[in-house]
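One structure is given below, encoded as structure tokens.
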Amino acid sequence: MNTEKKIDQILRIAPKPQVSDGLLDKLQADVSAGDIKTQRSALRRWFAPAGGAISRWRVAAAIAIMVLLPLSYGATKTVKRIIKTFEVKFEYPEGGGVYGVGGAIGSSEPNFTEEDALEKQQEFYQLYKQGKAEEVEPGVWVATLSNGKGFGYGGDPEMLGLSEAERKEFLKKQFDEIHELRKAGKFERTFIKVIEVNGAPHRLYEDSFTLSNGKVIKMGAGEPVKDDEDDEN
Amino acid sequence: MDNQIKSLCRRIKKADKNAASELLKIYYADIYSYLRRLCGSRHDAEDLTQQTFLKVWSSLGSFKGRSKFSTWLHRIAYNTYIDWQRRNVRGTQSRPDQWWKECVDTNPGPFAKVAELQLAQRMYEAVDQLDENKKHIVHLHYYQGLSIRETAKVLGIATGTVKYRLREVFKILKTKIIV
């Protein structure tokens, strides 16, 4: 047998690690305890691109919700409820882009209310101003709240200190400039990964724009993978 | 996707928990094995398997069946692992262990001769030392039995890239077998 065949054979018959006793029971308990979503989940509805672009902040918020909320790092908990605390969208028909910035809070408590979300968001903002929040990924912030639980926030925490009108005005100016840069092709694009959006694979890119004030804004952009790349074998 | 899986998916979309339980029985051991080999600990692998299936239940409603169910499932497991790995780099970093020893202890497997077994263990160790890109190809294509095309879909890369990386893997592994 030649060497390549030998390697091929060894790899193909690699033994399977033994499944721990009780794992199937745990997984089945999750099925019994939780609701199987028969429609798109709240996260996916919120996450769905409304046009050309997915804001990086939305992506970051989703990461924060799924990964960092509501407890400490490493202990991922099931998010039972997501409350959208704000969303601002700007449409640019020319070029087909829709830019959106959102904030959302997730919780493992099913009875988590909008009031709870806003309260925790404000507490987080105070901690951020006191320098007690940490940016663990670009645009993803975490802090420990007074109840000892971790809190994750995706986006620019400065947004939380603005009124709705101020936030909209600030963002409008920023997105106008970003849109002009995009049209002129003055941005850098990096491929991140393929993600599922509503069951269809999309390529997720990170576009980096340098604004006139020197601030660098990174945004996610999604493009559907062509159907012929996703056919059944 | 074969008819049985298609039918189970249809039933699960109607919130049939028995169907979800049946689907679990078919796939959970495969997904656990995949994650166990990658993450280096039984405990983490169990956790990641749990997270993977929670994601499956929450997003199956939007699965359109454009790709095989097992490919879609592996993609979720792969993304779950990648997210975990990113977090792990920041915190307590686990090192991959010698997962094959755990299998060998309780199950001699298909390697009847000691020399064969030692050679196989050298191969698995060498695979664990490959860079991440190459390692994922081996895990999906060989250990999990996915086709080249399915492997490419899970990783979001071209089939040509999978083939190229496999050639590179073989070049490296050959040097281990010749010593």
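If you're matching them up, the sequences are chains A and B in order.
Under the numbering used here, think of the first position of the first sequence as 185, with each following residue one higher.
Under the numbering used here, think of the first position of the second sequence as 1096, with each following residue one higher.
For glycine and all other residues, C-beta sits at the position ideal for the given N, C-alpha and C.
Computed from a prediction, not measured in an experiment: that's the story for all the values here.
- When rounded, the separation of the alpha-carbon atoms in residue 317 (chain A) and residue 398 (chain A) is 24 Å.
- Taking each of B:1251, B:1180, B:1219, B:1225 in turn and checking the Cα distance to residue 1238 (chain B), the smallest one comes out for B:1219.
- Under a criterion of Cβ atoms nearer than 8 Å, the residues of chain B adjacent to residue 210 (chain A) are, in order, 1141, 1145.
- Setting aside the 5 residues that flank it on each side, residue 354 (chain A) is surrounded in the same chain by 346, each with a C-beta closer than 7 Å to its C-beta; the list follows chain order.
- Going by C-alpha positions, residue 1127 (chain B) is about 12 Å away from residue 1121 (chain B).
- When B:1214, B:1268, B:1101, B:1272 are compared, the shortest CA-CA separation from residue 1163 (chain B) is found for B:1101.
- Put simply, of B:1137, B:1142, B:1138, B:1155 the residue whose alpha carbon is nearest the alpha carbon of residue 1103 (chain B) is B:1155.
- In this structure, the straight-line span from the alpha carbon of residue 1242 (chain B) to that of residue 1119 (chain B) is close to 22 Å.
- Take residue 352 (chain A), set aside five residues on each side of it, and the residues of its chain with a beta-carbon closer than 6 Å to its own are 272, in chain order.
- Residue 326 (chain A) sits in a strand when the DSSP states are folded into three classes.
- Per DSSP, the beta bridge partners of residue 408 (chain A) are A:386.
- Under the Cβ distance rule, residue 1119 (chain B) counts among the residues neighbouring chain A, one pair being separated by less than 7 Å.
- A contact between stretches requires three or more CB pairs, one per stretch, nearer than 8 Å, and the stretch 324 to 333 of chain A fails this requirement with the stretch 356 to 375 of chain A.
- Taking 9 Å as the Cβ-Cβ cut-off, the stretch 1123 to 1135 of chain B approaches chain A at 1123, 1124, 1125, 1127, 1128, 1131, 1132, given in chain order.
- At least one C-beta of chain A is nearer than 7 Å to the C-beta of residue 1265 (chain B).
- Between the stretch 1242 to 1261 of chain B and the stretch 1131 to 1145 of chain B there are fewer than three C-beta pairs closer than 8 Å, too few to call the two in contact.
- At least 7 Å separates the CB of residue 1255 (chain B) from every CB of chain A.
- Just so you know, the alpha carbons of residue 299 (chain A) and residue 325 (chain A) end up roughly 21 Å apart.
- Ranked by Cα distance from residue 1225 (chain B), the first of B:1133, B:1148, B:1146 is B:1133.
- The beta-bridge partner set that DSSP reports for residue 401 (chain A) consists of A:393.
- Pairing residue 400 (chain A) with residue 340 (chain A), the inter-Cα distance amounts to about 13 Å.
- Taken in chain order, the unbroken stretches of alpha helix (DSSP H) that lie wholly in the stretch 1100 to 1185 of chain B and span 4 residues or more are 1112 to 1134, 1137 to 1154, 1164 to 1185.
- Secondary structure of residue 1254 (chain B) (DSSP, three-state): helix.
- Interface flag for residue 1102 (chain B) against chain A is unset, since no Cβ pair is found closer than 7 Å.
- About 7 Å separates the beta carbon of residue 1150 (chain B) from that of residue 1175 (chain B), a gap short enough to meet the 8 Å contact definition.
- Comparing C-alpha distances from residue 302 (chain A) to each of A:215, A:337, A:205 shows the shortest one belongs to A:337.
- Taking 7 Å as the threshold, the shortest C-beta distance from residue 201 (chain A) to chain B falls below it.
- Proximity of residue 1217 (chain B) to chain A, defined by a Cβ-Cβ separation below 7 Å, is not satisfied.
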